[in-house]
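Shown next, in structure tokens, is the structure this report addresses.
Residue numbers (the numbering used here): 426 to 588.
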């Protein structure tokens, strides 16, 4: 695995697209307890990414143990999220803009298969967040995915050109 194909700024944008998208799905239908449950689901998905995609240099550069060590030692990848971008009405559109920026970075630097896996990973993170908590006080109600979250997932799937 090598991170030399990407600058620190590019790595930050690539990681940011993933993280922002998960957070955007959580924010479109936020609740105090459900948001915490959804954040935990996102963290689990990200933590397992390097094992799920062992040959994907994009994901390895961002989420592998080696990447985490490099970030800890050198402070390389910084995902900064502006609170103004996290408004329920615009968060998904902002996430799509960040995804498009990330995909532009990957053109010519990653294989078509790696890019497809990266797109799948972004959507999987969003889907896990949406399915993590249901309605009700403690997020245990039904349905798990609200109409707002379902609409957000549909919009993301279209933007990512997934089936």
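Where is the CB? At the ideal position from N, CA and C, for every residue including glycine.
By the neighbour-count criterion, in which 16 or more other beta carbons inside 10 Å mark a residue as buried, residue 588 falls on the exposed side. For residue 511, no alpha helix (DSSP H) encloses it, and the DSSP letter there is neither H nor E. Counting along the chain, residue 548 sits inside the alpha helix (DSSP H) bounded by residues 537-557.
Taking the C-beta atoms as reference points, residue 431 is found no nearer than 8 Å to residue 475. Distance from the CA of residue 504 to the CA of residue 437, rounded to the nearest whole angstrom, comes to 6 Å. The alpha-carbon of residue 466 is positioned some 16 Å away from that of residue 453.
A distance below 6 Å between beta-carbons, with the five flanking residues on each side excluded, links residue 527 to the following residues of its chain, in chain order: 438, 439 and 442. Going by DSSP, residue 432 is part of no alpha helix (DSSP H) at all; its letter is neither H nor E. If you ignore the 5 residues before and after residue 582, its C-beta comes within less than 7 Å of the C-beta of 548, all in its own chain and listed in chain order. Going by DSSP, residue 579 is part of the alpha helix (DSSP H) stretching over 572-584. Look at residue 455 here: in three-state DSSP terms it is coil, with no helix or strand label. In the three-state DSSP reduction, residue 494 falls in the helix class (H, G or I). Taking 8 Å as the upper bound for CB-CB distance, residue 446 and residue 520 are in contact here, some 4 Å apart. One alpha carbon belongs to residue 494, the other to residue 511, and they sit about 29 Å apart.
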